[in-house]
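Quick note on numbering: UniProt numbering labels position 164 of the sequence shown as 164, and the sequence is numbered without any gaps. Note that beta-carbon positions come from the ideal geometry of N, C-alpha and C, so glycine has one too. In this text the structure is predicted, and so the values were computed from the model without any measurement.
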Amino acid sequence: MHLYVKHATLINNCYPEKEGEKGPRSSELSYLTFYASSRPVKLTKVGTFLEKKVERDVWKNRKQNNQVSLEIIKALIQSCHRDLNLFSKYVVKILCMMLGTQDLELIDLTCDTFIMFSKYHDGSTLGVDAEFTTDFESLIKKFADLCENNNTDPNTNLSMKHIGHRAIQAVFSSASLQTSTFKTQLGILLPPVITTLAASNTPANTLAKNADSVDITKSSINNSGLEKGVIDIMAAKSASILFSQLNGGAVRTALSPLFTYMDNKKKWWPPNFAVSMMELVLDSLQPQNRYLLVSEVLQQLDAIKGSSNNDDVYEITEKRASLISILDTILNASIPLVGISVLEVLNSLFTHLIKSVHGREYCDEAPDASDVTATYVYAVHQGLAHSIGGLASQTYYQNQLNDIVGYIIAKLRAGTALERVEDLPIQQYRRVALVCLDLIVSTSKESAAEDEYNNAGNEISLSSWLPAIGLLTDRIPDTRLDFAATLTRYLELATNEDDLTPDPYPKHLLTQHGDVMFVNAVHQTIIDWVQMPACNVADVGAMYTLLCALTRRFGADGSIRTVPLVFKLQSLVKQGAIKQTSRQRAIAASTIEWFGMVSQMHKISALATYLKPLKEERIAHKEYSPIFIPEVAPSVAHIMDFDDLDPENTTPVDKFIDRHAVVEIISKDGSLRDEDDTHGLDLESKLYAEWGSEAFVSQERSFRIRSSRDLEELKPKLVTPWTGAEFETSERTQKNTINVENLKEALVSQQKTGGNKENGESEGDSLQSMTKRSLAKRPKDTKTDIDSILSSLSLGINIPQPSTSSSLVNPPYKG
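Shown next, in the form of structure tokens:
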């Protein structure tokens, strides 16, 4: 009883004796905190006494005593935080009683005390002590309800909401959140935050990035800076704090209330709020957990059921459109998603895109805003295609871009005879795939331009396109043109203008085996393309544009390699292999235009001078196609069939490019000659090679074909290799240790018996000599003299041996 009186007396002494005095008596409070901290076992009795006292004071409306009680509790939490669990249940009950008073000052002070409590509360008793867990959840529910109060007084209403959000941020910052009751706490605290952000006029991610600091310890009463904007910022920063602490499955748990809110409140469309919230989450998540956001959104997308509950019907709803808009934003953000499974996500996105075009055309033009359904369709089609392109904006492993492009190219089904693929006409299916391929090409180039550390391993290789080259001769005209346009754009984006300038000799860009195979395949396909019966006006224009882009991509090598092809095209016209005179004029004109492009690219003025009168003469004699005359081309741009192109003109081409004159001009000009080709004879032989001849095929050796990757540079090196001189020097001074040479000497010495002793020494010496020579080789000297190795094994090489016997280890005292 005496001990009870002791702690009760200490507590009672803290209360002021006179009415109107504010705060506890400082000296008595210090005595109480010292007593409690030095005797932790008394904390339970202290908590019990305070609970009963507060209960009486609340019932009798003793506001001054209640304020002092809260100050006492706050001081005890600070001084005895290591033993907080001994009296935490009493603290929670007291705070619950204080919130029930509806007194703004007491509620504000209660929030201050709760913030201090949350700072030190580790939540170890949550889920273990059922009574405490219930009381704690009841307490945070009361704070959460303050965020949605509807007090008639605007100032009081604002203060109450501010108090509620201060308490919520305190919990989100507390270790007590990461406990077994995590889901329950989120279900209570997150909805008020989401509601506040949804009602704000400023995007949630913008609020979270606001530079203004939010001090939750600052009182909500008489706060001159308190306004609705402050509460919105506090809510956004609370959400950011929450997601920054989550790991693994907790991310899905935290996203569930957000998706539920948007389902119940119909907040999916317009997607501004949903997208801004996901951007906030993306920015807040730890880097290793960001990819989980993509997985969760895809799961939400897969779980959508149409109104008919028929899985075969891909119904485009506002939720689907909003989720895809979210994916578009995430995958095209400049934030890496470490750990994402690129090909799995790509497959999922492409599958959704193909399903979304069933029963409708791919929508690439924004519809009228009043057409809601068309707006959803546009958002879905564009969002999925841009999401696929966004996968190329970040590089997560080497060869990633080739894998992505390879996946889409495989979907193009080049060479197939099928009329339908995945319940879509093959033309529509390919058009969708080509849209994705075009976006991948564009996005990867933009990403490479922004990445100063980008290297060749992060680029799309030309060999990745080889399986699809056959689409240039596809039976469907739109497919041919769409693929040619995509391939041309890729080549243009891959061209480095600096490589086209001789400095002072041309740079050799056609050096990799895969590139040579690609160039050969495109050239051969162009020959087949222009001879197709279905070849139309647009085909010739696309062929010319593609050929120019391919030539520019490889600079001097591309020009030299393409000259035989261009004269082959001229010979097809000259020999009558192409029948229509309008098509003859178009193809013949493309050869002059190509040489004109080459003269401009390499600054060969003599070639331009030669071509100008020839072109003028053809135009004058109506032997030139209007599609290559700038003044006339726009007026015939809509014409597709050669029969409709200049139908009254039946003049065949009679004036051709003189190969001897062109070869002489190019050979004499120094812009395409190598340093060792002083007189241009080597260049001349390449230019004179006939397309498809043995001489043309053997040209490949002159383009310095090498492996696509420098494997020697990629080999792992455990140590810095020795040079010959360094080896010999170190061998004389190194300490004797167990190594290969010692082992071999020991083995040889054990074989010294009778008549073959000298022979054994000779073999041991030859092995030692061979080992020294091999170790002394430089790392890039990959060729080994096999004959010398064999001879060293079979012939004895006498090297003086030390007089001491060999062993695995020669101790220093024997040296």
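From which residue to which residue does the alpha helix (DSSP H) around residue i run?
i: residue 59; result: 43-59
i: residue 574; result: 555-574
i: residue 508; result: Note, residue 508: premise wrong, no alpha helix (DSSP H); not H, not E.
i: residue 899; result: The first residue shown for the chain is 1 and the last is 815, placing residue 899 beyond what the model contains.
i: residue 111; result: 104-120
i: residue 86; result: It is not in any alpha helix (DSSP H) - residue 86 carries neither H nor E in the DSSP assignment.
i: residue 657; result: Segment: none, residue 657 is in no alpha helix (DSSP H) and carries neither H nor E.
i: residue 171; result: 154-172
i: residue 819; result: Because the chain in this structure spans residues 1 to 815, residue 819 falls outside the shown range and cannot be described.
i: residue 261; result: 249-264
i: residue 402; result: 400-411
i: residue 486; result: 477-494
Which value, in whole angstroms, describes the spacing of the CA atoms of residue i and residue j?
i: residue 46; j: residue 7; result: 7 Å
i: residue 338; j: residue 400; result: 13 Å
i: residue 686; j: residue 663; result: 10 Å
i: residue 418; j: residue 410; result: 14 Å
i: residue 672; j: residue 323; result: 54 Å
i: residue 300; j: residue 167; result: 31 Å
i: residue 577; j: residue 642; result: 16 Å
i: residue 221; j: residue 109; result: 10 Å
i: residue 335; j: residue 91; result: 43 Å
i: residue 530; j: residue 539; result: 8 Å
i: residue 217; j: residue 174; result: 14 Å
i: residue 228; j: residue 172; result: 21 Å
i: residue 94; j: residue 196; result: 28 Å
i: residue 186; j: residue 254; result: 7 Å
i: residue 835; j: residue 36; result: Given a span of 1 to 815 for the chain in the structure shown, any question on residue 835 remains unanswerable.
i: residue 670; j: residue 661; result: 16 Å
i: residue 115; j: residue 211; result: 23 Å
i: residue 34; j: residue 79; result: 8 Å
Label residue i either buried or exposed according to how many other C-beta atoms from any shown protein chain fall within 10 Å of its C-beta, with 16 as the threshold for buried.
i: residue 506; result: buried
i: residue 303; result: exposed
i: residue 397; result: exposed
i: residue 51; result: buried
i: residue 423; result: exposed
i: residue 224; result: exposed
i: residue 239; result: buried
i: residue 678; result: exposed
i: residue 496; result: exposed
i: residue 584; result: buried
i: residue 570; result: buried
Per DSSP, what kind of secondary structure is residue i in: helix, strand or coil?
i: residue 62; result: coil
i: residue 178; result: coil
i: residue 270; result: coil
i: residue 391; result: coil
i: residue 39; result: coil
i: residue 634; result: helix
i: residue 290; result: coil
i: residue 275; result: helix
i: residue 191; result: helix
i: residue 645; result: coil
i: residue 472; result: helix
i: residue 337; result: coil
i: residue 203; result: coil
i: residue 25; result: coil
i: residue 467; result: helix
i: residue 128; result: coil
Taking 7 Å as the limit between beta carbons, can you name the residues of its chain near residue i, skipping five residues before and five after?
i: residue 471; result: 412, 414, 479, 480, 483
i: residue 469; result: 521, 522, 525
i: residue 601; result: 500, 552
i: residue 97; result: 54, 55, 58
i: residue 406; result: 464
i: residue 462; result: 514, 515, 518
Going by beta carbon distance, what residues of the same chain come within less than 6 Å of residue i, once the five residues before and after it are set aside?
i: residue 200; result: 232
i: residue 142; result: 99
i: residue 387; result: 327, 328, 331, 349
i: residue 567; result: 659
For residue i, which residues of its own chain have a beta-carbon under 8 Å away from its beta-carbon, when the five flanking residues on both sides are left out?
i: residue 23; result: 16, 67, 68, 71
i: residue 674; result: 505, 506, 682, 683
i: residue 159; result: 104, 108, 220, 221, 223, 226
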